[in-house]
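A.B. asks: Note that the protein sequences, when read in sequence, are chains A and B. Numbered according to the numbering used here, the first sequence spans residues 1 to 525. Numbered according to the numbering used here, the second sequence spans residues 526 to 639.
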Amino acid sequence: MEEINPLINMIVFGAFVAVTLFIVFRVSRRKASENEFYAAGRSFSGRQNGVAIAGDYLSAASFLGICGAIAVAGYDGFLYSIGFLVAWLVALLLVAELLRNTGRFTMADVLSFRLKQRPVRMAAALATLAVCFFYLVAQMAGAGGLVALLMGFEGTLATSITIAVVGILMIVYVIVGGMKGTTWVQIIKAVLLIAGAGIMTLIVLFMVQFDFNELLARAVEASPDGEAILAPGLKYTNPVDFLSLGLALVLGTAGLPHVLMRFYTVPSAKEARRSVVWAIWLIGIFYLFTLVLGFGAGALVGPETIRDAPGGENAAAPLLALALGGPVLMAVISAIAFATILAVVAGLAITAATSFAHDIYASIIKRGDVQPGAEVKVARITVVVIGVIAILGGILAQNQNVAFLVALAFAVAASANLPTIIYSLFWRRFNTGGALWSMYGGLIACVLLIVLSPVVSGRETSIFPDADFAIFPLANPGIVSIPLAFVLGVVGTLLSKPSADHAVKQAEMEVRSFTGAGAEKASDH
Amino acid sequence: MPESDPIAERSLQMQASPEFQRLRSAFMRFIVPLTVLFLVWYLAYVLIAGFAPDFFATRLGDSYITIGLLFGLAQFVSTFAITMLYSRWANRVYDRDAEPLREQMEHAAMAGGR
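1) Quick check on the DSSP output: the alpha helix (DSSP H) that includes K180(A) runs from which residue to which?
2) For the structure I just gave you, are there three or more beta carbon pairs, one from the segment 595-604 of chain B and one from the segment 246-258 of chain A, closer than 8 Å?
3) According to a CB-to-CB cut-off of less than 7 Å, which residues of the segment 612-624 of chain B neighbour chain A?
4) When the Cα atoms are used, what is the spatial distance from L64(A) to L79(A)?
5) If you draw a straight line from the alpha carbon of T461(A) to that of V455(A), how long is it in whole angstroms?
6) Quick one: what does DSSP say T128(A) is sitting in, helix, strand or coil?
7) Given a limit of 7 Å on CB to CB distance, which residues of the segment 547-562 of chain B reach chain A?
8) Which value, in whole angstroms, describes the spacing of the CA atoms of F545(B) and Y619(B)?
9) Measure the CB-CB distance between A71(A) and G298(A) and report whether it falls below 8 Å.
10) Taking any Cβ of chain B, which residues in the segment 494-523 of chain A have a Cβ under 9 Å from it, in chain order?
11) Below 6 Å CB to CB, which residues in the same chain sit around F13(A) once its five sequence neighbours on both sides are set aside?
12) Would you say L150(A) reaches chain B, if we count a Cβ-Cβ gap shorter than 8 Å as a contact?
13) Ordered along the chain, which non-local residues of its own chain (more than five positions away) have a Cβ less than 6 Å from that of A54(A)?
14) For E528(B), count neighbouring C-beta atoms within 10 Å of its own C-beta (all shown protein chains included) and say buried if the count is 16 or more, exposed if not.
15) Where does the unbroken alpha helix (DSSP H) through I336(A) begin, and where does it stop?
16) Take F289(A) and list the residues in its own chain whose beta-carbon comes closer than 8 Å to its own, dropping the five residues that flank it on each side.
17) With a threshold of 8 Å between beta carbons, is Y75(A) in contact with chain B?
18) In this structure, what does DSSP give as the bridge partners for S457(A)?
19) So with CB distances below 9 Å, who are the chain A contacts of E595(B)?
20) Answer yes or no: do I413(A) and V131(A) have a C-beta to C-beta separation smaller than 8 Å?
21) So, Q540(B) versus E510(A), is the Cβ gap smaller than 8 Å?
22) Using C-beta distances below 6 Å, list every residue in its chain close to W88(A), excluding the 5 sequence neighbours before and after it, in chain order.
23) Ordered along the chain, which non-local residues of its own chain (more than five positions away) have a Cβ less than 8 Å from that of T591(B)?
24) Under the DSSP definition of a beta bridge, which residues are partnered with T591(B)?
25) Distance, Cα to Cα, V383(A) vs M140(A)?
26) With a 10 Å radius around its C-beta and 16 neighbouring C-beta atoms as the bar for buried, classify I471(A) as buried or exposed.
27) Please state whether the Cβ-Cβ distance between A52(A) and R262(A) is less than 8 Å.
28) Determine the closest residue to W437(A) out of V406(A), M179(A), L494(A), F426(A), with distance taken between C-alpha atoms.
29) Hey, out of G246(A), N476(A), A269(A), I306(A), whose CA is closest to L564(B)'s CA?
30) Would you kindly work out how many angstroms separate the C-alpha atoms of L99(A) and S415(A), rounded to a whole number?
31) Is the Cβ of I168(A) closer than 8 Å to any Cβ of chain B?
32) Report yes or no: is there a C-beta of chain B within less than 8 Å of the C-beta of L118(A)?
33) Among K505(A), Y423(A), A445(A), I171(A), which has the Cα closest to the Cα of R94(A)?
34) Looking only at its chain, what residues have a beta carbon closer than 6 Å to the beta carbon of A349(A), apart from the 5 residues adjacent to it on each side?
35) Should I11(A) be labelled buried (16 or more other beta-carbon atoms within 10 Å of its own) or exposed?
36) Quick one: is H632(B) buried, meaning 16 or more other Cβ sit within 10 Å of its Cβ, or exposed?
Right under this line is the structure:
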């Protein structure tokens, strides 16, 4: 690891920050309307938004995490990426277009269209904030962990400072650039990430004369587990737990609030469809790259070297870059990995801020009676608050096992959000009672089961290794909480009376969602 | 949305109209089987990986390619295929059928005088 050159790493990363900041300031408007700030005036094309979705979705966990998992555990790392990809079909077929046709800025807009506005908005906003919080803290803590590896810093103080820098940059991007600036950051990052991974993939394939079998042979030879890396079982040993994780991954994506919000940055449902199609191709191709890179790192660097490196499994991709192209390529890949975190946290921050300002402040506290400009002002203040919370959370969680936070974010999205979205789009009888039962039930069940799981207590790797209140045996709550939330939606609906205007509202939402009549158009500048 | 919104008023009529019913059921007929298909196919994959890892470990002849690897890559292929299938259908068929209904609704809205 002595070949790491922090200076080159910092220069490349500094260049990324300078370029993105320049763009963010250029596209920003001081007096942005809600449409501008939350949805970029709905001015992005389907292709641009598709690239931005890939930028939002391919977090450092996807890149460093999956490469590392494949390098060390082989096939089981690959399993993970499949769930992340297939999940996009739920978004494409069931959610993206219908949602684009009925909402304005947030998931709560869609639900409160036909359900009772205030309680449903509150529940949806709380679920949104919960998902964003878990995801943000995980990303921030991950950023801290990466520093030791990428920049050569060590110790708690250096890590804490890095987390604070990431948080401050995130605040600047979002406050200044709003959704438009944030989207450009995602686009630039996605292009860099996919291009960087693509170049490395080509080099690896070139080294084995484009013979994938040869690559596998070398990876098997280099691994202490030998042929076991070619089949499942090295990382996930409990099949029920794995099924639970698989469910949360495949059903969680289409309920992730920062993904849902991206559908509003395009002018029409047709463009929303195009953006998901672009996203699926980009994300799919990227995961195929990680398959080559993961086995490449296993073959060329070796699982033992990777495990012993600072940063552990996360070091696989940067170490492979070092082996392939020396310190310069490693600097580029490391800077891209860092930029990845920055773009993802910016996307989460604007989503959380929108949800608070639009759903809680404007619609619930002010009951829709807001001065022009006041809502965006609140959103900007919220970004600062969220940034500070994320920095503190990231610093506190920096030595924790953060993978569970991401799994929790997906499980909450799949249990609290997805059932209600699906029901309100497709089930005519669905009502406010069902929505509240499903959202609160899913959210509470998820968090409770995680608290009672071995992730939190009872094992050496738990957050509280000395205590043991792990009654629930699985690390991921999805297999219980997702079906539960779907059932609660039905029970709650059947037990409560529909409102007087149920039929009219339902008809209006259904006609709008299927035909696009009255959908929000792109704003004129 | 205020009660006097013309789109709201026209919605009940539109929802009951045979054109809209046809549009909605065409959508459901296309989407529901595809959704069931990819979810079952994905769950089957996860279940085999979890409960029958030995099957996935089977190697093809002398090569290092395993059945599990092929199943995994098949998930990629099916995802891309469903994506193309849906977007072709939606661009060619669904948009064509939905467009006149949208215009009808928005015309009525304008005639109703906002």
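For every residue, glycine included, the Cβ atom is placed at its ideal position computed from N, Cα and C.
C.D. replies: Once the coordinates are examined:
1) The count along the first sequence starts at 1 and reaches residue 180(A) at position 180. Per DSSP, K180(A) is one residue of the alpha helix (DSSP H) stretching across 156-207.
2) Counting Cβ pairs under 8 Å, fewer than three are found: no touch.
3) Those would be S612, A615, D620, A623, in chain order.
4) Position 64 of the first sequence, counting from 1, holds the residue named residue 64(A). Position 79 of the first sequence, counting from 1, holds the residue named residue 79(A). Each residue's alpha carbon lies about 15 Å from the other.
5) Taking the first residue of the first sequence as position 1, residue 461(A) is located at position 461. Taking the first residue of the first sequence as position 1, residue 455(A) is located at position 455. Spanning the two alpha carbons is a distance of roughly 7 Å.
6) By 1-based counting over the first sequence, the position of residue 128(A) is 128. Residue state, collapsed to three classes: helix.
7) Taking a C-beta cut-off of 7 Å against chain A, the contacting residues of the segment 547-562 of chain B are L548, R549, F552, I556, L559, T560, listed in chain order.
8) Indexing the second sequence from 1 puts residue 545(B) at position 20. Indexing the second sequence from 1 puts residue 619(B) at position 94. If you take the alpha carbons of F545(B) and Y619(B), they lie about 12 Å apart.
9) Residue numbering aside, residue 71(A) sits at position 71 when the first sequence is read from its first letter. Residue numbering aside, residue 298(A) sits at position 298 when the first sequence is read from its first letter. Taking C-beta atoms as the reference points, A71(A) and G298(A) count as a pair closer than 8 Å.
10) Legend: CB atoms of the segment 494-523 of chain A lying less than 9 Å from CB atoms of chain B belong to residues D501, A503, V504, K505, Q506, A507, E508, M509, E510, V511, R512, F514, T515, G516, A517, G518, A519.
11) Locating residue 13(A) in the first sequence gives position 13, where the first residue counts as 1. A335, F338.
12) Stepping through the first sequence from its first residue, residue 150(A) is reached at position 150. Chain B, which has no Cβ nearer than 8 Å to the Cβ of L150(A), makes this no.
13) For the purposes of this step, residue 54(A) is taken as the residue at position 54 of the first sequence. Contacts found: A190, A279, L282, I283.
14) Along the second sequence, one-based indexing puts residue 528(B) at 3. Unreliable placement is indicated for E528(B), whose pLDDT of 46 sits below 50; no coordinate value is reported for it.
15) Position 336 of the first sequence, counting from 1, holds the residue named residue 336(A). Unbroken alpha helix (DSSP H) run through I336(A): 316-354.
16) Working through the first sequence from its first residue, we reach residue 289(A) at position 289. So the qualifying residues of the chain are I194, A197, G198, M200, T201.
17) Sequence index remark: in the first sequence, residue 75(A) carries index 75 (1-based). It does; some Cβ of chain B falls within 8 Å.
18) The count along the first sequence starts at 1 and reaches residue 457(A) at position 457. Partner(s): F464(A).
19) Mapped onto the second sequence, residue 595(B) falls at position 70. For clarity, residue 595(B) is Leu in the given sequence; the question names Glu instead. The premise fails here: L595(B) is roughly 11 Å from chain A at the closest Cβ pair, so nothing lies under 9 Å.
20) Taking the first sequence and counting its residues from 1, the one referred to as residue 413(A) is at position 413. Taking the first sequence and counting its residues from 1, the one referred to as residue 131(A) is at position 131. The identity of residue 413(A) in the sequence shown is Ala, whereas the question assumes Ile. Yes, Cβ-Cβ distance for A413(A) and V131(A) is below 8 Å.
21) Locating residue 540(B) in the second sequence gives position 15, where the first residue counts as 1. Locating residue 510(A) in the first sequence gives position 510, where the first residue counts as 1. Contact flag set, yes.
22) If you number the first sequence from 1, residue 88(A) lands on position 88. Taking W88(A) as the centre and dropping the five residues before and after it, the same chain places the C-beta of I280 closer than 6 Å to its C-beta, in chain order.
23) The residue given as residue 591(B) occupies position 66 in the second sequence. Cβ within range, chain order: F581, A582, T583, R584, L585.
24) Translated into positions along the second sequence, residue 591(B) becomes position 66. R584(B).
25) Locating residue 383(A) in the first sequence gives position 383, counting from the first residue. Locating residue 140(A) in the first sequence gives position 140, counting from the first residue. When rounded, the separation of the alpha-carbon atoms in V383(A) and M140(A) is 15 Å.
26) As a working mapping, residue 471(A) is identified with position 471 in the first sequence. So I471(A) counts as exposed.
27) Working through the first sequence from its first residue, we reach residue 52(A) at position 52. Working through the first sequence from its first residue, we reach residue 262(A) at position 262. With contacts defined as CB atoms closer than 8 Å, A52(A) and R262(A) qualify as a contacting pair.
28) Residue numbering aside, residue 437(A) sits at position 437 when the first sequence is read from its first letter. The option with the nearest alpha carbon to W437(A) is L494(A).
29) For the purposes of this step, residue 564(B) is taken as residue 39 along the second sequence, with counting starting at 1. For the residues G246(A), N476(A), A269(A), I306(A), the minimum Cα distance to L564(B) belongs to G246(A).
30) Counting from one through the first sequence, the residue named residue 99(A) turns up at place 99. Counting from one through the first sequence, the residue named residue 415(A) turns up at place 415. The straight-line gap from Cα to Cα measures roughly 18 Å.
31) What you label residue 168(A) is simply residue 168 of the first sequence in a count that begins at 1. It does not; no Cβ of chain B falls within 8 Å.
32) Here the question's residue 118(A) lines up with position 118 in the first sequence. Strictly speaking, residue 118(A) in this sequence is Arg, with Leu absent from that position. No, R118(A) lies away from the interface with chain B (no Cβ there is under 8 Å from its Cβ).
33) To locate residue 94(A), count along the first sequence from 1; it is residue 94. In the sequence as presented, Arg is not what sits at residue 94(A); that position holds Leu. That would be Y423(A), whose Cα lies nearest to the Cα of L94(A).
34) By 1-based counting over the first sequence, the position of residue 349(A) is 349. M170, V174, V383, I386.
35) Position 11 of the first sequence holds residue 11(A). Of the other Cβ atoms in all chains shown, fewer than 16 fall within 10 Å of the Cβ of I11(A); this residue is therefore exposed.
36) One-based indexing of the second sequence puts residue 632(B) at position 107. Exposed, because fewer than 16 other Cβ atoms sit within 10 Å of the Cβ of H632(B).
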